[in-house]
Amino acid sequence: MVPRQEFTREMAELHDSVIELGVLVNERLVGCVDTIQNEDAKTARRKIKEGEKIIELERAINNKSINIITKQQPVATDLRVIISSIKVSYELLRISENISNLYKVRKRTIIDNDKLIIRLRTMEKLAHLMLVDVKTAYDEQDIALLKEIIDRDSDIDALFVQITTSDVFDMPDSFITGQSQLAAKYLERIGDHIKSISYQVHFVLTADHLK
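In terms of UniProt numbering, the sequence shown opens at residue 1 and continues consecutively.
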């Protein structure tokens, strides 16, 4: 295979690996709040175990990226894509880690406060839609959508503040209250990581760092 064809193939494989990682992380995200109020902790334990696949795939993306840089010595746009692939895969890994942390809350206790669950579900839904829209923005090269996604993270932040500062809790158990606030914090961090991915996608599409 001639060098250019091999390079094109390797870049396509790198792209597909990052997309696969995003799909797997999104699948882990959807329904995570339901798990923390599930009477059966088996699902939470299984979901935590599934996180190992995310670690392996993120590591493979890093190795693939380094190999391409070493062998092909890409420049300009291609190098920008490779570096951003490393950063995006890292942010996806961090999202997965926060999802696992959320499942670990279920291993410690059950959260069944209806008002709280509604807010946590809303945070999960907002994060899910942000992650889906990042891919759409990338596929369609929609810069305006990327900026909108970044702004939407403030909605998740606002819910986090509500949960941690309001009187939503009517639970007398301070341990459960603390675990509930941890669950909200993990979801808030997920929003932050998706925002970081949006910045990286913007950089890939425009070669500019969004202020």
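Think of the CB as a built atom: it goes at the ideal place given N, C-alpha and C, for glycine as much as any other residue.
Model, not experiment: these values are computed from the prediction.
{"Item": "Report all residues from its chain with a CB closer than 7 Å to the CB of Thr35; omit the five preceding and five following residues, and keep chain order.", "Value": "Thr43, Ala44, Lys47, Tyr103 and Arg106"}
{"Item": "Between Ser96, Glu56, Ala127 and Ile99, which lies nearest to Asp151 when the distance is taken from Cα to Cα?", "Value": "Ala127"}
{"Item": "I'd like to know if the region 57-73 and the region 3-13 are in contact, where contact means that at least 3 CB-CB pairs between them fall below 8 Å.", "Value": "yes"}
{"Item": "In or out: Arg59 buried (at least 16 other Cβ within 10 Å) or exposed?", "Value": "exposed"}
{"Item": "When the cut-off is 9 Å and only beta carbons count, does Ile82 lie next to chain C?", "Value": "You won't find chain C in this structure, because it holds only one protein chain."}
{"Item": "Within the continuous alpha helix (DSSP H) that includes Ile163, where are the two ends?", "Value": "Ile143 to Thr165"}
{"Item": "For Asp139, which of Ile55, Leu205 and Asn38 has the nearest alpha-carbon?", "Value": "Leu205"}
{"Item": "Grab me the residues of Ile194's own chain with a C-beta within less than 8 Å of its C-beta, minus the 5 sequence neighbours each way, in chain order.", "Value": "Glu91, Ile95, Ala127, Met130, Leu131, Val134, Ile149 and Asp153"}
{"Item": "Just how far apart, CA to CA, sit Leu182 and Glu56?", "Value": "26 Å"}
{"Item": "Take the Cβ of Ser100 as the centre, count every other Cβ of all protein chains shown within 10 Å, and call the residue buried at 16 or more, exposed below.", "Value": "buried"}
{"Item": "Could you compute how far the alpha carbon of Ile111 sits from the alpha carbon of Ile156?", "Value": "19 Å"}
{"Item": "Helix, strand or coil, according to DSSP, for Gln36 in the structure here?", "Value": "With the sequence shown as reference, residue 36 is identified as Ile, and Gln is not the correct amino acid for it. Coil at Ile36, not helix or strand."}
{"Item": "Starting from Val30 and walking both ways along the alpha helix (DSSP H), at which residues does that stretch end?", "Value": "Per DSSP, Val30 belongs to no alpha helix (DSSP H) and is neither H nor E."}
{"Item": "Kindly indicate which three-state DSSP category Leu210 falls into: helix, strand or coil?", "Value": "coil"}
{"Item": "What three-state label does DSSP hand Asp114 in the structure shown?", "Value": "helix"}
{"Item": "On the DSSP letters alone, give me the boundaries of the alpha helix (DSSP H) that Thr70 sits inside.", "Value": "Lys42 to Gln72"}
{"Item": "Quick one: give me the first and last residue of the alpha helix (DSSP H) that Val88 is part of.", "Value": "Ala76 to Arg108"}
{"Item": "Suppose the cutoff is 7 Å on Cβ atoms and the five residues either side in sequence are ignored; what does the same chain contact list for Glu124 look like?", "Value": "Leu29, Cys32, Val33 and Leu187"}
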